[in-house]
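Structure first, commentary second.
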Amino acid sequence: MRIGFVLRPLLRRCMPPLLLGLLGGSGCDAVDPEPQDLPDAGTPLAYTVDRYDQTFDLTTREATSRLWLDVEGAREGCLSLPAPEGVTDVRWQGAPAASTRTEEGTLEVCGRSVVDGPLWIESRRVVPETTYLYTQVGFSRRPDLHGDLFSYLLGWVESCDLLGPCDDAPARLAHFTFDVTHAPGQVVLCPGSLSRPDETHTRCELLGTRAPTYSAFMVASHPAWKRTRLVDSEVARVELYEVPGGLLGPALDAAAVEDFLGWMTARFGPLPYGHELRVAGAPTEWLGMEHPANIILRDNLPLLPKDYANMTLHTLMHEVVHQWAGNRTTLASARDYPWKEAVAEYLTYVYEDEHRGTDAASTLAYWDRLARTSSFYLRPGDVPAPPFISFVNDVYGTGPMILLLQLESLVGRPQVLSALQSFLAEPGAQSIEDLRTALEGASGVGLQRYFETWVDGAGEPDWPFFQVEWREEEALVLTVTQRTVAGRVYPCVVELELQGETGEQRQRVTVSYGLEPLSATVHATVPLPPWPVRAVTVDPGNRLVNRRIPLFLWEPPASGLALGLKGPVEGDAVDGDELEQRSVRFREGR
Ligand SMILES: [Zn+2]
267 MRIGFVLRPL LRRCMPPLLL GLLGGSGCDA VDPEPQDLPD AGTPLAYTVD
317 RYDQTFDLTT REATSRLWLD VEGAREGCLS LPAPEGVTDV RWQGAPAAST
367 RTEEGTLEVC GRSVVDGPLW IESRRVVPET TYLYTQVGFS RRPDLHGDLF
417 SYLLGWVESC DLLGPCDDAP ARLAHFTFDV THAPGQVVLC PGSLSRPDET
467 HTRCELLGTR APTYSAFMVA SHPAWKRTRL VDSEVARVEL YEVPGGLLGP
517 ALDAAAVEDF LGWMTARFGP LPYGHELRVA GAPTEWLGME HPANIILRDN
567 LPLLPKDYAN MTLHTLMHEV VHQWAGNRTT LASARDYPWK EAVAEYLTYV
617 YEDEHRGTDA ASTLAYWDRL ARTSSFYLRP GDVPAPPFIS FVNDVYGTGP
667 MILLLQLESL VGRPQVLSAL QSFLAEPGAQ SIEDLRTALE GASGVGLQRY
717 FETWVDGAGE PDWPFFQVEW REEEALVLTV TQRTVAGRVY PCVVELELQG
767 ETGEQRQRVT VSYGLEPLSA TVHATVPLPP WPVRAVTVDP GNRLVNRRIP
817 LFLWEPPASG LALGLKGPVE GDAVDGDELE QRSVRFREGR
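Here this note's numbering is used: the first residue of the sequence shown is 267, the next is one more, and so on.
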């Protein structure tokens with residue numbers, strides 16, 4: 267149904283005679299139990315979904331949905347709702363809709379409201395047992411190591427409309443209820459507060475703090491989950507759902523989980539979705555996923571390679587942060603995905619740095635390793651835009667390092683934390699640009715140049731390589747030069763480790779380009795160490811996104827193109843010992 271003519275917006279409920287004739291209406295205030303009779307036209311209605319009431323039968327996969335909509339202006343017309351194929355029995359305020367059509371991922375439903383108050387749209391669908399996007403998004407049943415089936419209805423960023431009618435815009439926050447029908451033995455989790463009215467029904471209500479559709483569309487179920495209490499304190503009650511013999515419980519230090527929850531709530535307020543936080547282990551592809559009041563963790567986390575020093579605790583803490591950063595405060599758009607992961611990683615790191623000994627160093631080393639192989643800038647200007655799934659997998663190193671960690675060195679950790687407190691203070695949607703504003707507000711300095719160089723760009727990221735020269739006089743004179751393909755000069759602080767003959771002869775110094783560098787080269791003078799400097803390592807603590815090997819540069823020679831290794835530039839060597847200078851550079855390659 268497309269608009270042949272535009273129906274007058276009707277702000278009153280008694281319609282003028284002409285329009286009544288057109289609509290086949292019967293007067294004022296009458297509820298029409300028959301299919302509504304609208305002409306082949308309708309006003310496109312702007313709406314926001316205030317609440318989703320979902321039912322789902324885990325056995326038959328039958329789902330119903332009731333969307334409560336705030337509609338401005340007209341009380342009749344047509345709605346375009348993102349929705350999958352196969353939606354049936356569409357009803358408009360309880361009566362069959364005048365017309366419905368599904369096309370290219372949109373359910374167009376037309377009707378007329380005859381009852382005051384919000385509009386609700388109901389529909390049915392059998393959710394297919396299938397997944398999308400090379401992920402577990404969709405509905406899946408997968409056996410765990412014992413052969414028991416884990417069932418997972420999983421939405422994601424811009425993906426809830428794969429499951430049913432749903433506004434998949436990341437910025438939308440809504441209320442939700444879930445009524446899940448299941449076999450008597452099933453243990454079922456869903457978002458918000460959870461109750462089990464009887465053996466075959468589980469109900470969840472998320473009617474306080476609103477949640478985004480990307481994370482709230484979730485039902486998870488397992489027949490063998492047993493509940494144990496991990497934390498029971500004034501900050502939270504954490505319930506662990508795991509099969510007998512599961513690996514997560516033994517791997518989790520309950521005192522550390524409790525301490526981290528206290529650390530988070532002291533800075534960002536109470537858990538947004540209630541005192542109870544449910545953590546479940548399951549055979550998932552992702553390491554973890556943040557659903558409101560629920561966290562699903564991959565059940566074999568303790569067996570995975572130790573990218574983080576403690577894979578299980580780090581992943582759990584990361585998902586806990588998302589209760590505030592991603593859920594209560596959500597993404598303004600899908601392009602803003604990097605800040606959500608950056609904040610979850612960064613706050614986990616800060617806690618590790620303050621309370622977990624050497625765990626933080628492993629986290630930084632992993633970020634740095636990821637960042638060096640990143641394919642996109644955090645706000646890529648590539649045309650066409652990078653595939654979303656590739657983009658989001660690319661940000662776990664560059665995101666926390668560029669958006670937050672590197673700024674610790676430039677403006678201070680207290681300022682970065684203060685910025686995050688204001689950034690996450692209110693429920694709503696935030697962008698990377700909003701994060702910049704919050705960081706500027708907390709630090710009192712302008713970060714436009716920093717974001718333009720580090721965050722914006724197209725194509726393969728042109729991360730800098732740092733070349734260091736030194737000479738020993740009364741003091742140690744260091745000369746640091748950034749090398750980039752395009753000549754971009756990055757605002758940053760570079761940490762250097764001076765090394766002598768023995769392993770004990772090490773000393774760290776920092777050299778700052780500031781926030782508005784004028785040159786790719788900076789000089790610094792530091793006191794001479796009590797031993798001769800034999801080598802200098804750039805970024806020994808993995809705090810700066812940088813190349814570890816000299817650039818391979820395409821340089822246009824007199825004719826044609828030549829690929830060459832950018833060696834020491836003539837005049838760069840300051841102490842005349844070319845061999846030693848080269849040895850420094852090769853030390854950077856690791
Ligand atoms: Zn995350």
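Ideal Cβ positions, reconstructed from N, Cα and C, are used throughout, including at glycine.
{"query": "Proximity of Gly430 and Ala363 at Cβ, strictly below 8 Å", "result": "no"}
{"query": "Coarse secondary structure for Leu288, derived from DSSP in three states", "result": "Confidence in Leu288 is poor, its pLDDT being 33 and thus under 50, which makes the residue's placement unreliable; the coordinate value appears in the next sentence. Of the three classes helix, strand and coil, the one that applies to Leu288 here is helix, per DSSP."}
{"query": "Contact set for Leu518: own chain, Cβ-Cβ below 8 Å, skip 5 residues either direction", "result": "Leu496, Leu506, Thr578, Leu579, Leu582"}
{"query": "Ordered list of alpha helix (DSSP H) runs contained in the segment 698–729, each at least 4 residues", "result": "698–709, 714–720"}
{"query": "Enclosing beta strand (DSSP E) for Leu415 [first to last residue]", "result": "415–420"}
{"query": "Ligand 1 site residues, beta-carbon cut 5 Å against heavy atoms", "result": "Glu607, Ala610"}
{"query": "Pair within 8 Å by beta-carbon distance, Leu218 and Val485", "result": "Because the chain in this structure spans residues 267 to 856, residue 218 falls outside the shown range and cannot be described."}
{"query": "Limits of the unbroken alpha helix (DSSP H) element including Glu395", "result": "That residue, Glu395, is in no alpha helix (DSSP H); it is neither H nor E in DSSP."}
{"query": "Inter-residue Cα distance where the pair is Gln771 and Ser487", "result": "56 Å"}
{"query": "Sequence-distant residues of the same chain with beta carbon closer than 8 Å to Ser684, five excluded per side", "result": "Ala708"}
{"query": "Cutoff 8 Å; reference Leu569; Cβ partners in own chain excluding five residues on either side", "result": "Leu513"}
{"query": "Local Cβ density within 10 Å of Phe657, reported as buried at 16 or more and exposed below that", "result": "buried"}
{"query": "Nonlocal neighbours in the same chain, by C-beta distance under 7 Å from Arg715, ignoring five residues either side", "result": "Pro757, Leu781, Glu782"}
{"query": "Boundaries of the beta strand (DSSP E) in which Ala695 is found, first to last residue", "result": "694–696"}
{"query": "Close Cβ partners of Pro384 (< 7 Å) along its chain, the five nearest in sequence each way excluded", "result": "Asp316, Trp334, Leu335, Asp336"}
{"query": "Under 8 Å between C-beta atoms of Ala449 and Thr466", "result": "yes"}
{"query": "Cβ pair count under 8 Å reaching 3, the segment 343–350 against the segment 466–483", "result": "no"}
{"query": "Limits of the unbroken alpha helix (DSSP H) element including Tyr662", "result": "661–666"}
{"query": "The segment 609–620 contacting the segment 793–805, beta-carbon criterion three pairs below 8 Å", "result": "no"}
{"query": "contact_flag[the segment 688–702, the segment 595–606] where n(CB pairs < 8 Å) is 3 or more", "result": "yes"}
{"query": "Counted within 10 angstroms of its Cβ, other Cβ atoms place Leu784 as buried (16 or more) or exposed", "result": "exposed"}
{"query": "Gln773, DSSP secondary structure in three states", "result": "strand"}
{"query": "Pair within 8 Å by beta-carbon distance, Arg638 and Arg813", "result": "yes"}
{"query": "For Arg544 and Ala559, believed in contact at Cβ under 8 Å, the rounded distance", "result": "6 Å"}
{"query": "Short Cβ contact (8 Å threshold) for Thr803 with Gln765", "result": "yes"}
{"query": "Option nearest Leu705 by Cα separation, candidates Glu369, Glu500, Leu669, Glu395", "result": "Leu669"}
{"query": "For Pro568, the three-state DSSP class (helix, strand or coil)", "result": "helix"}
{"query": "Any beta strand (DSSP E) of 3 or more consecutive residues that is wholly inside the segment 574–613", "result": "595–597"}
{"query": "Through-space distance from Thr595 to Glu692, alpha-carbon basis", "result": "7 Å"}
{"query": "Closest by C-alpha distance to Thr443, when choosing among Arg702, Phe322, Gly451", "result": "Phe322"}
{"query": "Residue burial classification, Glu738 (beta-carbon count within 10 angstroms, cutoff 16)", "result": "exposed"}
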